[in-house]
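Peer 1: For reference, the structure I am asking about is given below.
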Amino acid sequence: MKFVAFNGSPSGTESATNRIITAFLAGASRAGAETKVYQLADYQIEQCKGCFTCWFQTPGTCVFHDDMEQLLRAYQSADVVCFGSPVFSWNMTALLKNFVDRLIPLKSPIIAQQEERFDLEDTVRREQKYVAISNCGFPGENNFSVIQEAFSCCNPCLEIYRNCGKLLRSKQESVQGIVSKYLSVVEQAGGELASVGTVCEETKNNLSMPMLSTPEYLRFLGMA
Ligand SMILES: Cc1cc2nc3c(=O)[nH]c(=O)nc-3n(C[C@H](O)[C@H](O)[C@H](O)COP(=O)(O)O)c2cc1C
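The numbering of the sequence shown is our numbering, which starts it at 12 and goes up by one.
Below is the structure:
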């Protein structure tokens, strides 16, 4: 089984998002999965210009011959795709959004309807699973509502939404214990998904564990 993660944080390997991805993939790897993470900030990805050449003139092939060719191959090779992004302005970053837009050569110009939802059919039916990973700087869960809605179309088998995300990049001794405890739950989730194909409710609930109370977090940020 192969887990492939795409991190849309501009901070790449230094990002809080990457700390979550790394823990998640470590758990998957320990359970025997092959893992790979792509830092989208390191790749040249032109912006989709919406020409639909990849549908109607050269089906499956984009007009741009950039690093997306390699990333599309990686995407297609995955059994589990992890989309990672911090929350920027209540949404995924432009880096991840552009990457997702550039997946359109894998979609066909055929609309699939499921109840009130409409999406495009894949050109090649895939049995992939999807995981959404995000962190945000504020306390509160509402910051993830746009990302959650955006990824609902791929019916993710797991969503990891970490508020108070600034803690993940902190070197302060006082928060290391709670950050490690949180990351060990993330690792557990990766292990479960790789070994039994699903993550149990208890682990999912633990992923939402508070790391600090809101007043403590605001003091930690120096923004109280
Ligand atoms: C341009 C910009 C917009 C942001 N918008 C939000 C936001 O809407 N809500 C929020 O909670 N945090 C917001 N943040 C804070 C980031 O989500 C936070 O710093 C996060 O931990 C960065 O993650 P990373 O290290 O993975 O890049 C924003 C940060 C930037 C730079």
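Just so it is clear, CB atoms sit at the ideal spot from N, CA and C, and this is done for glycine as well.
Contact check, Leu223 vs Cys147 under 8 Å by CB: the rounded distance?
Peer 2: Leu223 to Cys147, Cβ: 14 Å. No contact.
Peer 1: When the distance is taken between beta carbons, is Val210 closer than 7 Å to Lys140?
Peer 2: Not a contact, by the Cβ cut-off of 7 Å.
Peer 1: From the DSSP output, in three-state form, read off Arg136 for me.
Peer 2: In this structure, Arg136 counts as coil in the three-state DSSP scheme.
Peer 1: Using the Cα positions of Leu51 and Pro150, report the straight-line distance between them to the nearest angstrom.
Peer 2: Between Leu51 and Pro150, the C-alpha separation is close to 26 Å.
Peer 1: Given this structure, state the Cα-to-Cα distance separating Cys164 from Pro226, to the nearest angstrom.
Peer 2: The straight-line gap from Cα to Cα measures roughly 35 Å.
Peer 1: Which value, in whole angstroms, describes the spacing of the CA atoms of Phe155 and Val142?
Peer 2: Each residue's alpha carbon lies about 14 Å from the other.
Peer 1: With Thr134 and Lys118 assumed to form a contact (beta carbons below 8 Å), what rounded beta-carbon distance in angstroms separates them?
Peer 2: Thr134 to Lys118, Cβ: 7 Å. Contact.
Peer 1: How far does the beta strand (DSSP E) with Pro120 in it extend, from its first residue to its last?
Peer 2: Taken as a continuous stretch (DSSP letters only), the beta strand (DSSP E) holding Pro120 covers Lys118 to Gln125.
Peer 1: How do the segment 78-91 and the segment 124-133 stand: do at least 3 beta-carbon pairs fall below 8 Å, yes or no?
Peer 2: The segment 78-91 vs the segment 124-133: no contact.
Peer 1: What does DSSP give as the partner residue(s) for Lys47 in the beta ladder?
Peer 2: Answer is Val15, bridged to Lys47.
Peer 1: So for Glu198, helix, strand or coil by DSSP?
Peer 2: Helix at Glu198.
Peer 1: Only counting the same chain, and skipping five residues up and downstream in sequence, which positions put a Cβ closer than 6 Å to that of Cys59?
Peer 2: Here the set comprises Asp112 and Arg113.
Peer 1: Considering only the alpha carbon of each residue, which of Leu229, Ala42, His76 and Glu170 lies closest to Ser219?
Peer 2: The shortest Cα separation from Ser219 among Leu229, Ala42, His76 and Glu170 belongs to Glu170.
Peer 1: Return the chain-ordered list of same chain residues with a C-beta closer than 8 Å to the C-beta of Thr33, the five sequence neighbours on each side being excluded.
Peer 2: So the list reads Val48, once near-sequence residues are dropped.
Peer 1: Skipping 5 residues on each side, what residues in its chain have a beta carbon closer than 7 Å to that of Thr214?
Peer 2: The answer, listed in chain order, is Val196, Gln199, Ala200 and Glu203.
Peer 1: In this structure, what does DSSP give as the bridge partners for Cys93?
Peer 2: In DSSP, Cys93 forms a bridge with Ala16 and Val142.
Peer 1: Measure from the alpha carbon of Ser145 to the alpha carbon of each residue in Gln187, Ala89, Leu179 and Asp53, then state which is nearest.
Peer 2: Nearest C-alpha to Ser145: Leu179.
Peer 1: Look at the Cβ atom of Pro97, then the Cβ atom of Ser20, and state whether they are nearer than 7 Å.
Peer 2: Yes, the pair counts as a contact, with Cβ atoms nearer than the cut-off.
Peer 1: Tell me where the alpha helix (DSSP H) around Ile171 begins and ends.
Peer 2: First-last for Ile171: Leu169 to Arg173, but that is the beta strand (DSSP E), not the alpha helix (DSSP H).
Peer 1: What do you get for Gly35, buried or exposed, if any count of 16 or more other CB atoms within 10 angstroms of its CB means buried?
Peer 2: According to the sequence displayed, residue 35 carries Phe and not Gly. The residue in question, Phe35, is buried, as its Cβ has 16 or more Cβ neighbours within 10 Å.
Peer 1: Between Gln159 and the rest of its own chain, which residues show a CB-CB distance below 7 Å, the 5 nearest in sequence each way excluded?
Peer 2: Once the five neighbours on either side are set aside, the close Cβ partners of Gln159 are Glu170.
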